[in-house]
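Numbering (the working numbering), first residue to last: 10 to 286. All C-beta atoms, glycine included, are put in the ideal place defined by N, C-alpha and C. Just so it is clear, the structure is predicted and the values come from calculations on it, not from any experiment.
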């Protein structure tokens, strides 16, 4: 039996603990030596590097659809702080540096979040769908990933068809951030837009890019540790020179997460998984 945190024993301390963590979180960034991106461009940069889309309403969550509608509201609030944002050479992008005050003028609504191993409705829930999209786009650029955290539990199947496993990025203010550094001589720009069903993401640049990227799973396996089901996915990338067509393949990372939904019957599961790492 795992030990309970102090805030689980004394829930009234939770707001104070969150406030403390957030203060230290941003204070650390002030002195970590990174030059954080802070500028928004008035117009779009000329060259599109990568684009994607994400269906916003998940009708298979198993929860009241009001949480999905609320999530759309939250996504649009957070995205306002990111649209047309630029990352100059030697600058570092931090999700929370930008989204920190997204709810200053209009509050978030309760969306679905994983809290202490349970899916619950909580303030600002669902904006990790935005960080997921950003990370997926960053993987298709020469930007350097500085900080990324996968979801410990995948509670629902992805609503984006064909997306490789393990390419998500969860965020939690005060604890988990998404950061990339621009170690190139190009300036990159983020564009986020919406229609009734989808959230759209674009990465643009001030210069035409010399490489295209393809992200894929080299291997995927499922195994059980006790009653828990885990997925281990190898995330790899092929970089293609747009001039010569020459390919270069590289392993990026292994992603392990618990699966919280039913898998199709034809998926092989190792019954007695050992070390989930």
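- Restricting attention to 146, 272 and 222, the CA atom closest to the CA of residue 237 is found in 272.
- Residue 39 sits in a helix when the DSSP states are folded into three classes.
- For residue 259, the beta-bridge partners assigned by DSSP are 246.
- With respect to the C-alpha of residue 93, the residue from 74, 47, 138 and 140 having the closest C-alpha is 47.
- Following the DSSP letters along the chain, one finds residue 107 inside the alpha helix (DSSP H) bounded by residues 104-108.
- Ranked by Cα distance from residue 167, the first of 41, 25 and 268 is 268.
- Beta-bridge partners assigned by DSSP to residue 224: 246.
- If you draw a straight line from the Cα of residue 276 to the Cα of residue 161, it comes to about 21 Å.
- With fewer than 16 other Cβ atoms inside 10 Å of its own Cβ, residue 113 counts as exposed.
- The C-alpha of residue 70 lies about 12 Å from the C-alpha of residue 129.
- Remark: three or more beta-carbon pairs, one from each stretch, lie closer than 8 Å, so the region 169-185 and the region 132-149 are flagged as touching.
- Excluding the 5 residues flanking it on each side, residue 150 has same chain C-beta neighbours closer than 7 Å at 58, 59, 197 and 212, in chain order.
- Taken through DSSP and simplified to helix, strand or coil, residue 191 comes out as coil.
- In this structure, the beta-carbon distance from residue 222 to residue 190 does not fall below 7 Å.
- Annotated three-state conformation of residue 64 is strand, per DSSP.
- Straight-line measurement puts the Cα of residue 255 at about 10 Å from the Cα of residue 220.
- Taking residue 62 as reference, the option from 118, 205 and 195 with the minimal CA-CA separation is 205.
- Beta-carbon to beta-carbon, residue 30 and residue 184 are separated by about 6 Å, close enough to satisfy the 8 Å threshold.
- Residue environment: residue 208 is assigned as buried (16 or more neighbouring CB atoms within 10 Å of its CB, all protein chains considered).
- Residue 83 sits in a helix when the DSSP states are folded into three classes.
- Restricting attention to 261, 44 and 159, the CA atom closest to the CA of residue 96 is found in 44.
- Burial is judged here by how many other beta carbons sit within 10 angstroms of a residue's own beta carbon; residue 76 has at least 16 and is buried.
- For residue 138, the enclosing alpha helix (DSSP H) begins and ends at 137-147.
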